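Trainee:
Protein chains: 2
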Amino acid sequence: MGIKVHGGVFSTATMRVFACLNEKEIHFEFTAVDMRTGEHKKEHFLLRNPFGKLPAFEDGDLKLFESRAITKYIASTHSHKGTQLVIEDPKKKAIMSVWMEVEAHQFDPPASKLTWELALKPQFGMVTDEAVVKVHEVELAKVLDIYEARLSESKYLGGDCFTLVDLHHLPTMHYLMGTKIKALFGSRPHVSAWCAECLARPAWLKVVAMQKKE
Amino acid sequence: MGIKVHGGVFSTATMRVFACLNEKEIHFEFTAVDMRTGEHKKEHFLLRNPFGKLPAFEDGDLKLFESRAITKYIASTHSHKGTQLVIEDPKKKAIMSVWMEVEAHQFDPPASKLTWELALKPQFGMVTDEAVVKVHEVELAKVLDIYEARLSESKYLGGDCFTLVDLHHLPTMHYLMGTKIKALFGSRPHVSAWCAECLARPAWLKVVAMQKKE
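Protein sequences appear in the order of chains A and B. Counting in this note's numbering, the first sequence runs from 5 upward without gaps. Counting in this note's numbering, the second sequence runs from 5 upward without gaps.
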């Protein structure tokens, strides 16, 4: 019983779930799924996530996958524990929901591509595709221009406080800080301050520390 | 005051919002945004949606964008009107949320690419890129295999009843039915039955009827 996460400490989606559990101060059991041996495509893992992607999550008899569905479940079922990660007021919640979708549909596609090309491929000894980088760098810059405007009016992306919206950005933001894409964040003052503050959260530093143990 | 949708009757994201409002039997005012003249990139529209994408939504003084954030807002603030589109039980809601993310991250990327290449480009007199079609056809087939397994155990994708999960699929599903991709749905019995049932819903037929008036 209890909460279990099956994933990888370097997987962005797994890191998103870890960050949420840490913010909520929830104890969990972690089982590493070895992608190098293709464990995520084997039957026992496909029963947890038919798409063969990390992570998979268990809370007693409840089995979930898709990192953003997991974080929403954790934040809503443990609303009074740790950091309050969702906004209750219906109108403010709707605005938070808009920016949650923005992360998923506008920010994440270019940010994930850039993370793969510039941060992860080199780790695996693979060659970065500079043409792909170029396209997605332009895309991400446009998104960050809109974030700069938003963050000049709102302390956090989803509203006045740190929420799942900001948290969902952490894994790719973390990886991109170690690449030339850091300059895209750094050249926009509000984005830069927001980014630094989110990445310095103790709950996030614990996620990064898990990578260092590997 | 009241509910207003600024969008296009052929835009998949706008159609998603229409479908939700119709299921909820909510009266709304529609303002067409002419993408051919680039109205969606002009300042007055960018104030409604900084990403310059359709639709934008108003409920009194509340302004929203991102179609899935809009449908979630409508479904939760009008929970007792029309069709009940969200599940309240926390565990069942979490499962619904998983499949909501699956639609957004697994189904929609290939489905939207195929809709653009095979249904919309020809309407605009543009040439379909067959290489793009080939890649995304393979992607979509894999997703539909998983849907077939899911729908053999669950009447609808999100659970026992029609929810936002199914509704979010309607616009691309509708367009793909008019293309060769129809065969991917038709060759999987549970997917095929689910698809036919969802597309026959009166609330959806009203969305399609709006296109015929154009």
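We treat Cβ as the ideally placed atom computed from N, Cα and C, and that holds for glycine. Bear in mind the structure is a predicted one, so any value in this text is a computation, not a measurement.
Within the 8 Å Cβ cut-off, does A123/B reach chain A?
Mentor: Not an interface residue.
Trainee: Nearest to L83/A by alpha carbon, out of R40/A, L161/A, H10/A and K28/A?
Mentor: Per the sequence shown, the amino acid found at residue 83/A is Ser instead of Leu. Minimum Cα distance to S83/A is reached at K28/A.
Trainee: Roughly how many angstroms lie between the CA atoms of C165/B and V139/B, to the nearest whole one?
Mentor: Their backbone Cα atoms lie some 32 Å apart in a straight line.
Trainee: Bridge partners of D149/A, per DSSP?
Mentor: According to DSSP, D149/A bridges with nothing at all.
Trainee: Using a Cβ-Cβ cutoff of 7 Å, what residues of the stretch 35 to 64 of chain A are near chain B? List them in chain order.
Mentor: Within the stretch 35 to 64 of chain A, the qualifying residues are P54 and F55.
Trainee: Tell me whether H173/A sits in a helix, a strand or coil according to DSSP, three-state version.
Mentor: Three-state result, H173/A: helix.
Trainee: Around the C-beta of H48/A, are 16 or more other C-beta atoms found within 10 angstroms, so that it is buried, or is it exposed?
Mentor: Exposed, by the Cβ-count rule.
Trainee: CB D112/A to CB T183/A, shorter than 8 Å?
Mentor: Against a cut-off of 8 Å, the Cβ pair of T183/A and D112/A comes out as no contact.
Trainee: Helix or strand or just coil, what does DSSP make of A115/A?
Mentor: Helix, per DSSP.
Trainee: Measuring CA to CA, which of L50/B, V21/B and G129/B is closest to R154/A?
Mentor: The residue with the shortest Cα to Cα distance from R154/A is L50/B.
Trainee: Taking all protein chains shown into account, decide if T41/A is buried (16 or more other Cβ within 10 angstroms of its Cβ) or exposed.
Mentor: Under this definition T41/A is an exposed residue.
Trainee: DSSP has A36/B in a bridge; who is on the other side?
Mentor: G11/B.
Trainee: Can you check whether the C-beta of P94/B is within less than 8 Å of a C-beta belonging to chain A?
Mentor: Answer yes: the Cβ-Cβ gap between P94/B and chain A drops below 8 Å somewhere.
Trainee: Could you spell out where the alpha helix (DSSP H) holding L209/A opens and where it closes?
Mentor: Run containing L209/A: P206 to K216, per the alpha helix (DSSP H) assignment.
Trainee: If I follow the unbroken beta strand (DSSP E) through L68/B, where does it start and stop?
Mentor: From DSSP, the beta strand (DSSP E) with L68/B extends over L66 to F69.
Trainee: Can you give me the C-alpha to C-alpha distance between K67/A and Y160/B, rounded to a whole angstrom?
Mentor: Their backbone Cα atoms lie some 18 Å apart in a straight line.
Trainee: What first and last residue would you give for the beta strand (DSSP E) that runs through E62/B?
Mentor: Start and end: A60 to D63.
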